[in-house]
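Participant: Positions 9 to 258 (this note's numbering) are the ones given, in order, by the sequence shown.
Got a structure for you, questions after.
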Amino acid sequence: MDLTLKIWRQKNAEDKGGIVDYKVTEISDHMSFLEMMDVLNEQLINTGEEPVAFDHDCREGICGSCSLHINGEPHGPDSGTTTCQLHMRRFNDGDEIYIEPFRAKAFPVIKDLIVDRTSFDRIQHAGAYISVNTSGNTQDANSIPIPKVDADKAFDAATCIGCGACVASCKNASAMLFVSAKISQFALLPQGKVEAAERAKNMVTQMDLEGFGNCTNTGACEVECPKGISLENIARMNREYLSASLTTAE
Numbered sequence: 009m010d011l012t013l014k015i016w017r018q019k020n021a022e023d024k025g026g027i028v029d030y031k032v033t034e035i036s037d038h039m040s041f042l043e044m045m046d047v048l049n050e051q052l053i054n055t056g057e058e059p060v061a062f063d064h065d066c067r068e069g070i071c072g073s074c075s076l077h078i079n080g081e082p083h084g085p086d087s088g089t090t091t092c093q094l095h096m097r098r099f100n101d102g103d104e105i106y107i108e109p110f111r112a113k114a115f116p117v118i119k120d121l122i123v124d125r126t127s128f129d130r131i132q133h134a135g136a137y138i139s140v141n142t143s144g145n146t147q148d149a150n151s152i153p154i155p156k157v158d159a160d161k162a163f164d165a166a167t168c169i170g171c172g173a174c175v176a177s178c179k180n181a182s183a184m185l186f187v188s189a190k191i192s193q194f195a196l197l198p199q200g201k202v203e204a205a206e207r208a209k210n211m212v213t214q215m216d217l218e219g220f221g222n223c224t225n226t227g228a229c230e231v232e233c234p235k236g237i238s239l240e241n242i243a244r245m246n247r248e249y250l251s252a253s254l255t256t257a258e
């Protein structure tokens, strides 16, 4: 395939940035999207130009760092996949492909297609953990009876990879699907009950401080999430937060 790539180039956070056109030729439909980007960068390096900066790590759909906005969709046209799992057979010879970074106030652009998502880290630091004393006679986890339905829901919530597609797809740049997944994976299990109230309050407060918008039940976040995190988690987070607000002192 011969393709025209319209890629967002931005030197740093202060630079205005803009779309730049590139041509790539003889792209195999067996290539992954990131392999195609590698071909472009090799071409740019060979001609003395600066390669396009983009994030990637595992290239197995696990880490979520390969977050690109492709033709207006987070992670591209495939559902339930990350950018690194997207293959060029989803495109046609002669296509124009727009490639941009995720857009959100809380995800400032670092360079080109790379955004700063450490706001997610700070939200997790605010409460997405449990404090367990492992130095004494701790109870074996397998001896704690947990309904299978709850265990399955906790596992489903824990599959969130924190890529930020939910934020990028939301018209309000809301992070509520991400935050609710991190709250839910603990709220559904007995190990997470001890700090449940403080967890919900602290994480929601940090989410607001980071500048994310609120949820208006559009549902785009669930549709674009590569792990299919359910909106049900947002309802659970709201219940957890309301309960914490009514039972804990300021």
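Yeah, the Cβ is synthetic: ideal placement off N, Cα and C, and Gly gets one too.
(1) When you compare the stretch 124-139 with the stretch 34-43, are there three or more beta-carbon pairs, one atom per stretch, that lie closer than 8 Å?
(2) Less than 6 Å between C-beta atoms, sequence neighbours within five positions excluded: which residues of the same chain meet that for Lys161?
(3) DSSP three-state label for Gly200, please.
(4) Would you tell me roughly how many angstroms separate the C-alpha atoms of Lys209 and Leu42, rounded to the nearest one?
(5) Taking 8 Å as the threshold, find out whether the stretch 183-191 comes into contact with the stretch 210-224 through three or more Cβ pairs.
(6) Residues in its own chain within less than 8 Å of Asp158 by CB, not counting five upstream and five downstream?
(7) Beta-carbon within less than 8 Å of Val47's beta-carbon, same chain only, minus the 5 sequence neighbours each way: which residues are those?
(8) Thinking Thr90 and Cys171 are a contact (beta carbons under 8 Å), I'd like their distance in whole angstroms, please.
(9) Once you ignore the five residues that flank Thr255 on each side, which residues in its own chain have a CB closer than 7 Å to its CB?
(10) What's the call for His83, buried or exposed, on a 16-neighbour Cβ count within 10 Å?
(11) To the nearest angstrom, report how far apart Pro155 and Leu239 are at their CA atoms.
(12) With respect to the alpha helix (DSSP H) encompassing Val157, which residues constitute its N-terminal and C-terminal limits?
Facilitator: The structure says:
(1) no
(2) Leu196
(3) helix
(4) 39 Å
(5) yes
(6) Leu196, Leu197
(7) Val32, Ile35, Met39
(8) 7 Å
(9) Ala205
(10) buried
(11) 21 Å
(12) 156-166
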